[in-house]
Amino acid sequence: MPLPAPLTENQVYHVCPEEKLDFITTDDLQDLERPYGQDRVLKALEFGAGIQADGFNLFVLGPSGAGKHELVERFLSLHAARQPVPPDWCHVYNFRFSDRPNAIRLPAGEGQTFKKDMNDLAEELRTAIPAAFESEEYQARLQELQEEMARRQHQGLFEVQEEANRNNIAMITTPAGFTFAPMRKGEVIDPEEYKTFSDEEKELVESKVEELQKKLQQTIQQIPRMRKEVRERVHALNEEMVQLTLGGPIGELREKWSHLPDVVDYLDAVREDVVEHAEAFQDSDNGPPAGLLARYHVNLLVDNAETVGAPVIYEDLPNHQHLAGQIEHRARQGNLYTDFTLIRGGAMHRANGGYLIIDARRVLTQPMAWESLKRILSSGEIRIESLERLYGLVSTVSLQPEPIPVSVKVVLLGDRMLYYLLSHYDPDFLDLFKVEADFEDDLERSDECYELYARMIATMARGLKMRPLERSAVARLIEHASRLAADQRKLTAHDRVLRDILSEADHWAGEAGADTIETSHIQQAIDEREYRASRVRERSREQIRRGVVMIATAGEEVAQVNGLSVLRLGASMFGQPTRISATARPGKGQVVDIEREAKLGGPIHSKAVMILSRFLASRYAGDGELSLSASLAFEQSYGGVEGDSASVAETCVLLSAIARVPLKQSFAVTGSMNQHGEVQAVGGVNEKIEGFFDVCREAGEIGGQGVLLPASNVEHLMLRADVRQAIAEDRFRIYPISDINEAIELLTGLEAGEPDSAGEFPENSFNRRVAARLARFAEASKKRDGNGDANNGGGKDSD
310 MPLPAPLTEN QVYHVCPEEK LDFITTDDLQ DLERPYGQDR VLKALEFGAG IQADGFNLFV
370 LGPSGAGKHE LVERFLSLHA ARQPVPPDWC HVYNFRFSDR PNAIRLPAGE GQTFKKDMND
430 LAEELRTAIP AAFESEEYQA RLQELQEEMA RRQHQGLFEV QEEANRNNIA MITTPAGFTF
490 APMRKGEVID PEEYKTFSDE EKELVESKVE ELQKKLQQTI QQIPRMRKEV RERVHALNEE
550 MVQLTLGGPI GELREKWSHL PDVVDYLDAV REDVVEHAEA FQDSDNGPPA GLLARYHVNL
610 LVDNAETVGA PVIYEDLPNH QHLAGQIEHR ARQGNLYTDF TLIRGGAMHR ANGGYLIIDA
670 RRVLTQPMAW ESLKRILSSG EIRIESLERL YGLVSTVSLQ PEPIPVSVKV VLLGDRMLYY
730 LLSHYDPDFL DLFKVEADFE DDLERSDECY ELYARMIATM ARGLKMRPLE RSAVARLIEH
790 ASRLAADQRK LTAHDRVLRD ILSEADHWAG EAGADTIETS HIQQAIDERE YRASRVRERS
850 REQIRRGVVM IATAGEEVAQ VNGLSVLRLG ASMFGQPTRI SATARPGKGQ VVDIEREAKL
910 GGPIHSKAVM ILSRFLASRY AGDGELSLSA SLAFEQSYGG VEGDSASVAE TCVLLSAIAR
970 VPLKQSFAVT GSMNQHGEVQ AVGGVNEKIE GFFDVCREAG EIGGQGVLLP ASNVEHLMLR
1030 ADVRQAIAED RFRIYPISDI NEAIELLTGL EAGEPDSAGE FPENSFNRRV AARLARFAEA
1090 SKKRDGNGDA NNGGGKDSD
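At position 593 of the sequence shown the residue is numbered 902 (the working numbering), and the sequence of numbers has no breaks.
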């Protein structure tokens, strides 16, 4: 079969032609109003933001660094600006149930006015009511009541005393009260003289004294009732004075707020409460108690006075308190106390009537925050309660504010795996988040897209307040965007990486004293980012250069090949060549995956090895049974091995071990293979090729080395400049392969050979050697089984 031609310099890198960019610097370009290439997300956002049905909240899913937050916030801000401003909300004192503050809704901007009016009213009450109690009118009327009380008390006692005098009995005042004694000629009779009275006289005096004592007792018993009556009349007087004092300010407020019945009802309750506690305002020295006046203040929970359109709120710490609000406490003399003025609203309150943006991973990691969010969305109201009280962890008495109805569109930001996990495991999730907005990872690259992508870069640069970029710098950044997307036909949609590169390039332009960002500054930013993350890569290269890790880049070896892997550390990744070796002897068709046996191989790698064994049986055993005991290993690999990108290399090295034909060590191999021997695309081809190129360069001059990769991966190549130069000078070659036979011919220099109609491979072909040796393995196994000798057929075997 004809061998594939090595790739040219133009095939391994897609250049951005500067003539496609019709500007001098990015200052000549207009900003992009809508993000380029994210039409699907924008349509989903437009639909989700506009629909009013329950449960149509949004989940914006995409990879980290795709700029989800910026795009969503920018879109919602534009959308919300056209919507009406939601109302203000406040909590006020509940005069019937002090532990259940009432919630009052007011038109946007009127909350501040209402709060100021109530503060002014409280200050007026502080001075006006005490002044009313100090007025001459009040003091005169109060004195009149007191004098009437004294007069009525004196009149009752006077009548008893007069009656006693008429009966020659004196009413005497003592420290213990009143007592009666007989008298004669206006003088109290001496006790010795009283003893001389006859029994009839004594009985008459005692009878009259007893009668007078009863009348005196009745008179004294009337005093508390009279005092109560006076107190009631004083209280009525106080109420009358307070009513007269409040009539003006309360009446004005009732008229001012007559368009809000809830406020009018509250003002009536305030008036009744002030009248009820009128006596508390009479302390002219200290004034009314601060706690009493505090009841008439307003706790403005949501203030939309300066809000334009519907609010768009982002909560960066979405715990239960920050979402649903909280009731704060203060310490006083070692005790904690709270009141309705210490109720604090949460993000749900501020976003009510608008949009709330939350990072899904953050809300899921906060204790009970996810359940609180779902409960609010399901019930349509916000209840401010502590977690301890909400879940019955404490039984202390606290405030129970009146719930506030909520109408908010919640937008969750998260990666795709999180969305799929929530969809699968949370039965409420899809009922509450019915709109899926999926970000594009990559954007299409074509001649028509260059202007839009350049405008996107210009928009980023202006947003970051950077120097303008020259046309060549934009072209270089577009090329690097293809490298980041690992595809010549794509451009990365990850805003974060592009913004970081732009920021670094602007820094290097500043260091160089340049007025614009040039190609060299973009390249320096790329190189510096790579250098900062290269410590582990350089230590790995050093181990290979010193021979600690054995990698051959020249010569030929049997049962040994260079595989290519990719290591990802943080945000960076690099290619790493790995020696793969194999052994083969007669057996029962078993290919031992040493990585799997050592519990270092992942399931995908194990699957690839099983596909490899089935390929061998299908191609070389025909209708018979494959007699083979083989093993595969990644030499000097001490970590996990996962993926199927080494299956082409594993197939080649195993066939080399069977046929005992050496493989060229100047080549490295990557690619996946199916059961029919077709080579399939793999990931990380740029890093793999560059990793092997670096190892070859450090081992000596580059000359004749190369990489075999799947032909379907060619359009994914965006190689470094030094690799491209070596390819242009024919010092380094990249061969695109689509079948395992092409890999065999390139690695061995022998014809692979296609089977004829009888299933026989051509003479002297590589596949003929493999089939012949496997046939000898089968004969050896038959002899062993026939003789019952486990060692028979397991000795030497020559070609």
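Note that the Cβ used here is the ideal one computed from N, Cα and C, for glycine as well.
Counterpart residues of residue i in DSSP-defined beta bridges
i: Asn644; result: Arg641
i: Leu370; result: Gly723, Asp747
i: Pro1019; result: Ile1046
i: Glu865; result: Lys973
i: His733; result: His733 pairs with nothing; no bridge assigned.
i: Gly420; result: Its beta-bridge partners do not exist; DSSP assigns none.
i: Glu753; result: Lys799
i: Thr902; result: It should be noted that the sequence gives Asp, not Thr, for residue 902. For Asp902, which the question treats as bridged, DSSP gives the partners Leu941.
Inter-residue Cα distance where the pair is residue i and residue j
i: Arg409; j: Asn547; result: 29 Å
i: Ile333; j: His323; result: 22 Å
i: Ala545; j: Leu665; result: 53 Å
i: Asp363; j: Arg764; result: 38 Å
i: Ser927; j: Met769; result: 56 Å
i: Cys399; j: Val715; result: 14 Å
i: Ile481; j: Met427; result: 59 Å
i: His789; j: Lys973; result: 33 Å
i: Ala1188; j: Lys352; result: With the chain represented from 310 up to 1108, any question about residue 1188 goes unanswered, as that position is not in the structure.
i: Ile920; j: Asn983; result: 7 Å
i: Phe489; j: Gln464; result: 18 Å
i: Tyr623; j: Ser707; result: 30 Å
i: Val321; j: Ile691; result: 59 Å
Simplified DSSP assignment, three categories, for residue i
i: Asn428; result: helix
i: Trp817; result: helix
i: Pro500; result: helix
i: Trp679; result: helix
i: Leu553; result: helix
i: Asn1050; result: helix
i: Cys325; result: coil
i: Lys908; result: coil
i: Ala880; result: coil
i: Lys1091; result: helix
i: Lys718; result: strand
i: Ala603; result: helix
i: Ala412; result: strand
i: Thr488; result: strand
i: Ser954; result: coil
i: Arg542; result: helix
i: Met480; result: strand
i: Leu330; result: coil
i: Asp824; result: coil
i: Asp1108; result: Its pLDDT being 36, under 50, Asp1108 is placed unreliably by the model, and nothing is read from it.
i: His586; result: coil
i: Asp397; result: strand
i: Asn319; result: helix
i: Asp1098; result: Reliability of the predicted coordinates at Asp1098 is poor, the pLDDT of 49 falling under 50, and no value is obtained from them.
i: Tyr345; result: coil
Proximity below 7 Å, CB of residue i to CB of residue j
i: Ile889; j: Val962; result: yes
i: Ala678; j: Pro627; result: yes
i: Thr887; j: Phe943; result: yes
i: Asp1003; j: Leu941; result: no
i: Ala880; j: Tyr605; result: no
i: Ser981; j: Ser954; result: yes
i: Pro396; j: Ala375; result: no
i: Val720; j: Ser386; result: no
i: Val611; j: His658; result: yes
i: Lys424; j: Leu609; result: yes
i: Ala441; j: Thr616; result: no
i: Ile831; j: Leu786; result: yes
i: Leu370; j: Arg725; result: yes
i: Tyr947; j: Phe368; result: no
Residue i CB to nearest heavy atom of the ligand MG below 6 Å
i: Asp363; result: Among the components of this structure there are no ligands whatsoever, and the ligand MG is therefore not found.
Any alpha helix (DSSP H) of 4 or more consecutive residues that is wholly inside the segment 770-810: 780-794
4 or more residues per run - each alpha helix (DSSP H) lying fully within the segment 971-1013: 994-1008
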